[in-house]
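S.K.: Chains as they are written, first to last, in numbering that gives the first Met the number 0: chain V, 0 to 230; chain Z, 0 to 616. Here a beta-carbon is modelled for each residue, glycine too, at the ideal position from N, C-alpha and C. Quick one: the structure is below, and I'll ask about it shortly.
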Amino acid sequence: METGMATDRGRCRELNEDSFGWKDNLFVLADGMGGHNAGEVASALAVEEILRIDPNQDEFIPSLRLFLNQANQVLLDYAEQHPECRGMGTTIALVKVETDKITVAHVGDSRVYLWRQAELTQLTRDHSVVEELVRVGGLTEEEAQNHPHRNLLTKALGTQGEVGVEINEVAVDQGDRVLLCTDGLTSMLGKEEINQILSANLSAQEIADTLVTEANQRGGADNITVIVIKI
Amino acid sequence: MGNRYKILELIGEGGMALVYKAECTLLQRIVAVKVLRTQYSSDKEFVDRFRREAQAAASLSHPNMVNIYDVGEEDGIHYIVMEYISGTTLKDLIKKEAPLPVNKALRIALQIAEALKHAHERNIVHRDIKPHNILLTADGRAKVTDFGIARAISAGGYTQTGVVMGSVQYFSPEQAKGAPVGPQSDLYSLGCVLYEMLSGEVPFQGESPISIALKHLQEEPLPINRFRQDLPQSVVSLVDRAMAKDLGKRYPSARVMIKDIQAVLGLDAQSEKAEDYPTQVMDSLTEGTMTEEEQRSGTGKTWLVFLISLFSACALFVFGFIYLLPPKQPVQVPDLVGITLNEAKKVAGDYGLKLRVVREMHHEMQTGLIISQDPVAERTVRRGREIKVVVSKGAETVHVPDVTGKSRREAEIILEEARLQLGEVYTELSSDVPRDRVVRQKPAPNMVIQKGATVDLYLSLGPDYDKVEVPNFIGHRLVNVQARLASLGLVFDSYELRMSSYPEGQILDQQPPPGSIVPLGTPMKFVISGVSPEDTLPNTGEGNTLGLRKEKKVNITINQGPEDQNVQVVLEDNRGRQVIYERLHHPGESFAIDVESYGQARIFVYINEILSYDEKL
């Protein structure tokens, strides 16, 4: 396994409110939201909470569900104690990598992609209003890409009492590549462009750097965080 | 081992030594321990040479070397403790992937050359540069290992068939001949390594070490461009010059070879030096090549932009104005800082200027945006002039280590090694973490944050939090103690002055006394040394109750080990116990301290809070 990671505040934002981290074979990133630096606090709290999990335990998925709900509670409690952080929340996307499969979980519009032999598959479905519209057939992918309300989330950590989390296991092969990213990447680069960069004969770190550079090249409207894992 | 290294597993076996993965219990880090095989351990002359060479190599420290931390011996077992690298060897990479892309091969060669330059400048020749001795870390950095070890072996007259067969393929002609070996021999070997990376073949093949050695002496290798079409002439000449049999034709030094490699890669020597980690060098190179591609594919786009801009009268004017200028006309350099490279290329093109791109890590400027330019904006230059632009590769990030359960000092060392800084230190109640140990940290372990960022620590007040043991503050300076009191769960109350021969501000007495168990928040009173105009106290002949005055020099040498070693010297005599010296030192330093004592006296030398020496005076 080879990994590459990069984060950048982009060209329009003052702060980088994304957070990320990893522990053994578990990779997590989060895109915080909220005024002042509450977004930064939210994403960091969530990632920190998830990184407490022992990724190698037998009961990983039930435990992950528990930790995600715990992270949600930590955010709610924090906002309760810090009035300036009211209304903060965060997305989260995480991947646990094993030799033959990955476990994927997410809340919000941070995404996980699987790249296999020049083909890119999105493993997560955004919890966003626009994505719901696409799902019911009201919008095309292209319309969704430029939709003014594509940042409107239907789910996030720290915004409601209970979070329904989607956790999936996906089989992988040697040579596959996994991408975790915040929407600062996907709002700037289309799927085909991301696929091209992931297909390049570069190290995982070089791919991560190139993705961020390209997103900034296109305007860098939001914070950009990417984790690239070559399996 | 050495009371400090816990062996975890065997990770490698060589002709001369076994390599283990081990844990350094003092610093809680993983290290590699190379243990000399017993057949060599019994040969005293060899062992001495081995230690000498290893110690010389230990004096080297470079990001492209596997750094040596410690050289030691226990029960007749000789060992070297070095940096643990999880990764592969260059040999593995060559086996799997050769021929390597030109840039990749040159990037690796450049890093090896940097390590050689560092060693050669300190008069250490490697003598056994080969792909097996180059480790590649997970993040792509090349690290040269086994400096100086080859010399110890060859001087010992040991023959090791397997090893020699591996090495002879990279032997310089002078090594093959048995002539004196110098820095240039390493450059020849590096040339062979580069040859192999580019072609996938060692330069000379043969059935026996002898036949290969003969070829190094007499034959020219197959020209490297026979293997592949994509090699620029500059790369071919570089390999040829490194592998020249004649020392006069070979690169005279690693420095010159580095310059050539950088030139081929289109790197600027100056900006390379500014980068402190070679990984960055590697990244910058790949990106550099991509940029060229971008540039080529980008021309079409630029033209499209021009066609569009033709619709605008203003743009038409600019176009006409600039492009109708004859070449070599002076133009004012535009401001390129803060825009992306593609944008800058367009602007520079409009002005008839060229760009040369260098990439660097930068903690402020966003990835892909230009940090600085040379010449700067508004300078007047001729058209066609090259503008050097430094493009940000984003901030360098690091993985936050777990320091929970550690002491403040240990945590500080671990953070420093992770290239982070100690931030605020708070205390808090904890029912299960021992006193003064880290209960939690902010940011938490395993987060990825900017290099150089701070990590705040929360130290435990101890499970017995309602009571604390009063430490001994006598001999310490009041200002330092005051800062510590809160974290110990004590409160500063007051002090009174007393004239004494001790430095002003030093604590002479305390209330409650050391060792008392008191409730949390107990106020502390101190007696501290006031100004003492003429050191009258010790020198009064009459009524002098201090005892015999003695002077002594104590010599201290700092052993190999952590980069920062806190040396504290404590004197106990008839005047009490006092810290007479405290400073950070580094391995290899040697210094003397003058000690003045009265009556029965003993000194204690603590290094990183561990008693390493004591003596009765």
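1. Taking Z:Y169 as the reference, give the member of Z:L189, Z:K176, Z:R51 and Z:G181 with the closest Cα.
2. Under three-state DSSP, which class holds V:S198?
3. Is the Cβ of V:D7 closer than 7 Å to any Cβ of chain Z?
4. Counting only the same chain and skipping the five closest in sequence on each side, list residues whose C-beta sits under 7 Å from that of V:D99.
5. For chain V, is any of its Cβ atoms less than 7 Å away from the one on Z:G139?
6. Under the rule that 16 or more other beta-carbon atoms within 10 Å means buried, what is Z:G625, buried or exposed?
7. Is Z:P130 near Z:L89, with beta carbons less than 7 Å apart?
8. How long is the line joining the alpha carbons of Z:V437 and Z:F525, rounded to whole angstroms?
9. So who's on the other strand from Z:E614, going by DSSP bridges?
10. Tell me which same chain residues have a C-beta within less than 7 Å of the C-beta of Z:V701, skipping the five on either side of it?
11. Judging by CA-CA distance, which residue of V:D76, V:D221 and V:R217 is the nearest neighbour of Z:N635?
12. Looking at C-beta atoms only, is the number of pairs between the segment 82 to 99 of chain V and the segment 156 to 170 of chain V that lie closer than 8 Å three or more?
13. Going by beta carbon distance, what residues of the same chain come within less than 7 Å of Z:K116, once the five residues before and after it are set aside?
14. Counting only beta-carbon atoms, is V:N215 nearer than 7 Å to chain Z?
15. Counting pairs of Cβ atoms below 8 Å between the segment 388 to 400 of chain Z and the segment 447 to 465 of chain Z, do you hit three or more?
16. Which of the residues in the segment 89 to 111 of chain Z, read from start to end, lie with their CB under 7 Å from any CB of chain V?
17. Under 8 Å between beta-carbons, which chain V residues line up against Z:Q228? List them in chain order, please.
18. Say whether chain V places a C-beta atom closer than 7 Å to the C-beta of Z:Q174.
19. So, does the segment 106 to 114 of chain Z touch the segment 18 to 34 of chain Z, judging by three or more C-beta pairs under 8 Å?
20. Between Z:K142 and Z:I84, is the Cβ-Cβ spacing less than 7 Å?
21. Comparing alpha-carbon positions, which option in V:E192, V:L138, V:V46 and V:E165 lies nearest Z:A443?
22. Would you call V:T102 buried or exposed, if buried means 16 or more other Cβ atoms sit within 10 Å of its Cβ?
23. Under 6 Å Cβ to Cβ from Z:K441, same chain only, skipping five residues before and after it: list those, please.
24. Is it a yes or a no for the segment 457 to 471 of chain Z touching the segment 511 to 518 of chain Z, going by three-plus beta-carbon pairs under 8 Å?
25. Excluding the 5 residues flanking Z:S371 on each side, which residues of the same chain have their C-beta closer than 7 Å to its C-beta?
26. Could you check where the alpha helix (DSSP H) with Z:G190 kicks off and where it finishes?
27. Might you give, ordered along the chain, the residues of its own chain that have their beta carbon closer than 7 Å to the beta carbon of Z:P98, omitting 5 neighbours on each side?
28. Could you run through the segment 354 to 374 of chain Z and flag, in chain order, every residue whose CB is less than 8 Å away from some CB of chain V?
29. So with CB distances below 8 Å, who are the chain Z contacts of V:A232?
30. Enumerate in chain order the residues of its own chain whose CB-to-CB distance from Z:L92 is below 7 Å, with the five nearest sequence positions on each side excluded.
31. Would you give the residue range spanned by the beta strand (DSSP E) that Z:I67 belongs to?
32. Starting from Z:Y464, follow its DSSP beta bridges and name the residues at the other end.
33. According to DSSP, simplified to helix, strand and coil, what is Z:N565?
34. What does the alpha-carbon distance come out to for the pair V:L132 and V:L119?
35. Is the Cβ of Z:T87 closer than 7 Å to any Cβ of chain V?
36. Can you list, in chain order, the stretches of the alpha helix (DSSP H) that have 4 or more residues and sit fully within the segment 36 to 113 of chain V?
M.R.: Reading from the atomic positions:
1. Translated into positions along the second sequence, residue 169 of chain Z becomes position 170. Ranking Z:L189, Z:K176, Z:R51 and Z:G181 by Cα distance to Z:Y169 puts Z:L189 first.
2. The residue given as residue 198 of chain V occupies position 199 in the first sequence. Correct three-state label for V:S198: helix.
3. What you label residue 7 of chain V is simply residue 8 of the first sequence in a count that begins at 1. Yes, V:D7 counts as interfacial toward chain Z.
4. Here residue 99 of chain V is taken as the residue at index 100 of the first sequence, counted from 1. Excluding residues within five positions, the ones whose Cβ falls inside 7 Å are A170 and V171.
5. What you label residue 139 of chain Z is simply residue 140 of the second sequence in a count that begins at 1. Judged by the 7 Å Cβ criterion, Z:G139 is in contact with chain V.
6. Residue 625 of chain Z lies beyond the residue range present for chain Z, which begins at 0 and ends at 616; the question has no answer from this structure.
7. For this step, residue 130 of chain Z is matched to residue 131 along the second sequence. For this step, residue 89 of chain Z is matched to residue 90 along the second sequence. Cβ atoms of Z:P130 and Z:L89: closer than 7 Å.
8. The residue given as residue 437 of chain Z occupies position 438 in the second sequence. The residue given as residue 525 of chain Z occupies position 526 in the second sequence. Rounded to the nearest whole angstrom, the CA to CA distance from Z:V437 to Z:F525 is 29 Å.
9. One-based indexing of the second sequence puts residue 614 of chain Z at position 615. Answer by DSSP bridge pairing, in chain order: Z:I602.
10. Residue 701 of chain Z is absent from the structure shown; chain Z starts at 0 and stops at 616.
11. Outside the shown range of chain Z, which is 0 to 616, sits residue 635 of chain Z, and nothing can be said about it.
12. A contact exists between the segment 82 to 99 of chain V and the segment 156 to 170 of chain V.
13. By one-based count along the second sequence, residue 116 of chain Z stands at place 117. Here the set comprises A253, R254 and I257.
14. Translated into the one-based positions of the first sequence, residue 215 of chain V becomes position 216. True, the Cβ-Cβ gap to chain Z drops below 7 Å.
15. By the Cβ criterion, the segment 388 to 400 of chain Z is in contact with the segment 447 to 465 of chain Z, since at least three pairs of Cβ atoms, one from each stretch, lie closer than 8 Å.
16. none
17. Working through the second sequence from its first residue, we reach residue 228 of chain Z at position 229. The contacting residues do not exist; Z:Q228 stays about 18 Å from chain V at best.
18. The sequence position of residue 174 of chain Z within the second sequence is 175, counting from 1. Judged by the 7 Å Cβ criterion, Z:Q174 is not in contact with chain V.
19. no
20. The residue you call residue 142 of chain Z lines up with position 143 of the second sequence. The residue you call residue 84 of chain Z lines up with position 85 of the second sequence. Taking 7 Å as the Cβ cut-off, Z:K142 and Z:I84 qualify as a contacting pair.
21. If you number the second sequence from 1, residue 443 of chain Z lands on position 444. Measuring from the Cα of Z:A443, the nearest candidate turns out to be V:V46.
22. Looking up residue 102 of chain V in the first sequence gives position 103. The residue in question, V:T102, is buried, as its Cβ has 16 or more Cβ neighbours within 10 Å.
23. Position 442 of the second sequence holds residue 441 of chain Z. Once the five neighbours on either side are set aside, the close Cβ partners of Z:K441 are D455.
24. yes
25. Indexing the second sequence from 1 puts residue 371 of chain Z at position 372. If we look at Z:S371 and ignore the five residues flanking it on each side, its Cβ neighbours are V336 and V389.
26. By 1-based counting over the second sequence, the position of residue 190 of chain Z is 191. Where Z:G190 is concerned, the enclosing alpha helix (DSSP H) stretches over P182 to S198.
27. To locate residue 98 of chain Z, count along the second sequence from 1; it is residue 99. Excluding residues within five positions, the ones whose Cβ falls inside 7 Å are L197, S198, G199, F226 and R227.
28. For the segment 354 to 374 of chain Z, which is checked against every Cβ of chain V, the residues closer than 8 Å are Q365, T366, G367 and L368.
29. Because residue 232 of chain V is not part of the residues shown, which for chain V are 0 to 230, the question remains open.
30. Indexing the second sequence from 1 puts residue 92 of chain Z at position 93. Excluding sequence neighbours, Z:L92 sits near L135.
31. The residue labelled residue 67 of chain Z in the question sits at position 68 within the second sequence. Run containing Z:I67: I67 to E73, per the beta strand (DSSP E) assignment.
32. The residue you call residue 464 of chain Z lines up with position 465 of the second sequence. Its beta-bridge partners do not exist; DSSP assigns none.
33. Taking the second sequence and counting its residues from 1, the one referred to as residue 565 of chain Z is at position 566. Z:N565: strand per DSSP, three-state reduction.
34. Along the first sequence, read from residue 1 onward, the residue named residue 132 of chain V stands at position 133. Along the first sequence, read from residue 1 onward, the residue named residue 119 of chain V stands at position 120. If you take the alpha carbons of V:L132 and V:L119, they lie about 22 Å apart.
35. Your numbering for residue 87 of chain Z matches position 88 in the second sequence. Not one chain V Cβ lies under 7 Å of Z:T87.
36. 37 to 49 and 59 to 80
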